[in-house]
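Encoded as structure tokens, the structure appears first; notes follow it.
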Amino acid sequence: MKKLFTNLTFWVLTAITLGVLLGHYYPSVALQPILEKPIKFNLWISEFEIKTTFSEFLSSLFISIVKLFINPIIFVTITLGIISMGDLKKVGKVGAKALLYFEVVTTIALIVGVLVANIIRPGDGVMTEAIQGGDISKYTKSAVAFSWWKFFWDNVTLQVLVVAIVSGIVISGRSIRHKVVEFLTPVSKTIFWGLHKVMLLAPIGAFGGMAFTISKYGIKTLLPLAKLMLTVYVTMALFVFVVLYLVLRYYKVSIFKFLHYIREELLIVLGTSSSEAGLPSLMEKLERMGCSKSVVGLVVPAGYSFNLDGTTIYLSMAVIFLAQVFNVHLDLGQILTIIGILMITSKGAAGVTGSGFIVLASTLSAIKVIPVEGLALLLGVDRFMSEARAITNFIGNGVATIWIANNEKEFNRHKMGYAFGHVERFEDIKTDNLD
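With the working numbering, the residue at position 290 of the sequence shown is 611, and numbering never jumps.
Take a look at the structure:
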């Protein structure tokens, strides 16, 4: 019993359950305002936002605190990784390989989403008048042409990534590199120590996030679009347990053991509907299971901008779903056009508030055959599908890091054995990197 009550997984699961019960039976309590207006301010390292209702307050407070750690961890990890790597050509090689991997896997995710949506056809027979719509004007107004420059300036994590890479490259060629390492190493340890303390608040964040979702949207809103939700969840499960299973299987790493290893982070992502809530812990656990610091530091932050597998699947399925709802027949050429457009627009889904709907609006505007107004049908259930997107994005970035670390021979399988419970003592771990 003592082991159970000191297990973070147990408390997060309990918090999620209590959040569902509160949201369903006492929605007025969950939506009770406790602030007159949201507290919001921008630091370069993070955007801090605390929302007004009781449930949102708890969830947004936890996520905002975790966000404070994300960019400092990215900067310190990448800078130390590049300095320790030494060979700048290898840094460029890892970065190029990561971008190529992201493009290939997200394209597969797009194709999977389109195929499954056309096979199951969740939009057939949906009665639009039975679904409560919503105001989509704020999304359509923002649905301008995709701009890499705007994407960069809206994405603070990407800016930190670039600054860290440049800093690491510049310091690597200077005599002060050893002093920088001596300074940043204890700083890194202090940041992760603070993160561990903050993660003890994860059950509170998960409770608030789940209570808000259920209380505001209600379980009844799921029924008209239940087929779409089921299709999205099934598709993302297929992607994880087939596509990502095969990706890890190539290097004889078990997807099931990896998921068990990051189970606490997955529950936090589920409860908060935010993959960012688990990002710092994911980076630490990937290092602990054998991925080198330099690979983790480069691949994970870049993946949060360019490797959004779950979001990509959802975007492709949403477009096909709306076409089916409005009885718009898409020929092969139009489907290929949609895939091509989403290959570009989906890359902007990490850098803009309300990004999913903005990307969908811009995509529908570009193909000009599906009414943009159809987005109102998705507003009610989007929050219920955001958990699936966040979890799939989270797992996808972990898998990408493991694959690239193995491919670069920057993976210690003895550490993986200890992390997965195959090695009984930490002292049995060898320090050499084995492929």
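For each residue, glycine too, the CB sits at the ideal point set by N, CA and C.
Owing to the predicted nature of the structure, the values given are computational and were not obtained by experimental measurement.
Nearest Cα to H581 within the set I535, M737, P348, V508: M737. In this structure, the alpha-carbon of T400 lies about 9 angstroms from that of L505. Shortest Cα-Cα distance from I512 to any of I429, I395, R495 involves I395. Annotation for S594: G530, T534, R704, S707, E708, A711 place their beta carbon closer than 8 angstroms to its own, counting only its chain and skipping 5 residues before and after. Per DSSP, reduced to three states, the secondary structure at P601 is helical. Beta-bridge pairing by DSSP links F369 to F362.
Taking the Cα of G539 as reference, the smallest distance to any Cα among N363, L629, M664, V341 is reached at V341. Only residues of its own chain outside the window of five on either side were considered, and among them V387, F390, I391, I394, F513, L516 have a CB closer than 8 angstroms to the CB of P601, listed in chain order. Closest option to K689, judged by alpha-carbon separation, among I725, L651, V477: L651. Membership of E357 in any alpha helix (DSSP H) is not indicated, and neither H nor E is assigned to it by DSSP. Under the three-state reduction of DSSP output, F732 falls in the strand class. Sequence-distant partners of G444 (beyond 5 residues in either direction) whose C-beta falls short of 6 angstroms from its own C-beta, in its chain, are F642, Q645, V646.
With a cutoff of 7 angstroms on beta-carbon distance, L431 and S637 are scored as near each other. Considering only G494, L588, L479, I583, the residue with the shortest C-alpha distance to A523 is L588. With contacts defined by Cβ atoms closer than 7 angstroms, T552 and I403 do not form a contacting pair. Taking each of L334, K361, S376, K372 in turn and checking the Cα distance to P348, the smallest one comes out for S376.
Shown here for I492: same chain residues with a beta carbon closer than 6 angstroms to its own, the five before and five after excluded, namely I404, R498, V501 in chain order. For R442, no alpha helix (DSSP H) encloses it, and the DSSP letter there is neither H nor E. Of S615, S380, L352, the smallest CA-CA separation from K414 is found for S615. Listed in chain order, the non-local C-beta contacts of T633 below 6 angstroms within the same chain comprise T427, A430, L431, S667, local neighbours out to five positions each way being set aside.
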